[in-house]
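Take 1 as the starting number for the sequence shown in this note's numbering and just add one per residue.
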Amino acid sequence: MHNPDDLALYYYDGCFFCSRVRQALHDLGVRVEMRNIVESPQHLQDLVAARGRRTVPVLRIRKEGGDEWMPESADIVAYLRRRFG
Numbered sequence: 001m002h003n004p005d006d007l008a009l010y011y012y013d014g015c016f017f018c019s020r021v022r023q024a025l026h027d028l029g030v031r032v033e034m035r036n037i038v039e040s041p042q043h044l045q046d047l048v049a050a051r052g053r054r055t056v057p058v059l060r061i062r063k064e065g066g067d068e069w070m071p072e073s074a075d076i077v078a079y080l081r082r083r084f085g
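Set out below in structure tokens:
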């Protein structure tokens, strides 16, 4: 099981593309901070402030020089497979 503290997934239940990312996380045994933008107005506000839009899924990757915000489920899944596969 991987528990990286530098990753957070912005998502909401019922989102097909979010489900693809969540399934990849499960398959790879990776646990990240899950930030549901419907259940938490703060998570939605953080996402919009960072990206200027509310589309999900988005993976926030904490880096030394600042956060990277990765949209697109296929890109997120590919990143997770490279890093944890």
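Even glycine gets a Cβ: it sits at the ideal position worked out from N, Cα and C.
No experiment lies behind these values; they were computed from the predicted model shown.
Give the C-beta separation of residue i and residue j to the nearest angstrom, bearing in mind that I take them to be a contact with Cβ-Cβ under 8 Å.
{"i": "residue 31", "j": "residue 2", "result": "7 Å"}
{"i": "residue 35", "j": "residue 9", "result": "7 Å"}
{"i": "residue 50", "j": "residue 69", "result": "5 Å"}
Rounded to whole angstroms, what's the CA-CA distance from residue i to residue j? Just pull it up for me.
{"i": "residue 55", "j": "residue 12", "result": "10 Å"}
{"i": "residue 58", "j": "residue 27", "result": "18 Å"}
{"i": "residue 18", "j": "residue 5", "result": "20 Å"}
{"i": "residue 43", "j": "residue 60", "result": "12 Å"}
{"i": "residue 84", "j": "residue 41", "result": "30 Å"}
{"i": "residue 75", "j": "residue 38", "result": "23 Å"}
{"i": "residue 63", "j": "residue 72", "result": "19 Å"}
{"i": "residue 66", "j": "residue 77", "result": "21 Å"}
Could you please give me the residues that DSSP links to residue i through a beta bridge?
{"i": "residue 36", "result": "11"}
{"i": "residue 68", "result": "61"}
{"i": "residue 30", "result": "2"}
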